[in-house]
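Novice:
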Amino acid sequence: MKKLYVVFFFLFISLGYAQDAKPNGDIMGFKLYPNPVTNGKVYIVTKEKAPKKILIFDVLGTQVMETTLLREELNVSELDAGVYVLRVFEKNKIATRKLIIK
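Mapped onto mature numbering (1 follows the signal peptide of the UniProt record, and there is no 0), the consecutive letters of the sequence shown carry residue numbers -18 to -1, 1 to 84.
#1: Run through DSSP, which three-state label would Lys31 get?
#2: In whole angstroms, what separates the C-alpha of Lys80 from that of Thr28?
#3: Exposed or buried, which one is Leu68 when buried takes at least 16 other CB atoms within 10 Å?
#4: Taking its Cβ as the centre, do 16 or more other Cβ atoms sit within 10 Å of Leu42, making it buried, or is it exposed?
#5: Give the single residue among Val19, Lys75, Lys23, Asn17 whose Cα lies nearest to the Cα of Arg53.
#6: So, are the CB atoms of Ile26 and Val65 less than 8 Å apart?
#7: Buried or exposed for Lys35, going by 16 or more other Cβ atoms inside 10 Å?
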């Protein structure tokens, strides 16, 4: 019985470390506002202020937008109201956030 507890203990510890691991890390100083979006524009601010590749997916995982952002303002007025997944690539870093459009 003690062996079973030890196995479960190591299983939970390994799962905890696996979930914390980020291959490229999160983008430093990442800010996304306003969220929820009401005026068709969302602002994405990062510490490095480098060009960003933006991918937006709907809840089914279908890519609905792809663009490169040189500044901070992203026009999302062509997207329908709903919940989306926003993925931002900047240099070798990645940030993923939920985006709500009203």
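Idealized CB from N, CA, C, for every residue including glycine.
Specialist: Let me spell this out:
#1: Against the sequence shown, residue 31 aligns to sequence position 49. Shown here, Lys31 sits in coil according to DSSP, grouped into three states, outside any helix or strand.
#2: Here residue 80 is taken as the residue at index 98 of the sequence shown, counted from 1. Here residue 28 is taken as the residue at index 46 of the sequence shown, counted from 1. Rounded to the nearest angstrom, the two C-alpha atoms are 17 Å apart.
#3: Along the sequence shown, one-based indexing puts residue 68 at 86. When all chains shown are included, Leu68 counts as buried.
#4: Position 60 of the sequence shown, counted from the start, is the residue given in the question as residue 42. Exposed.
#5: Numbered from its first residue, the sequence shown carries residue 53 at position 71. The shortest Cα separation from Arg53 among Val19, Lys75, Lys23, Asn17 belongs to Lys23.
#6: Looking up residue 26 in the sequence shown gives position 44. Looking up residue 65 in the sequence shown gives position 83. Cβ atoms of Ile26 and Val65: not closer than 8 Å.
#7: Translated into the one-based positions of the sequence shown, residue 35 becomes position 53. When all chains shown are included, Lys35 counts as exposed.
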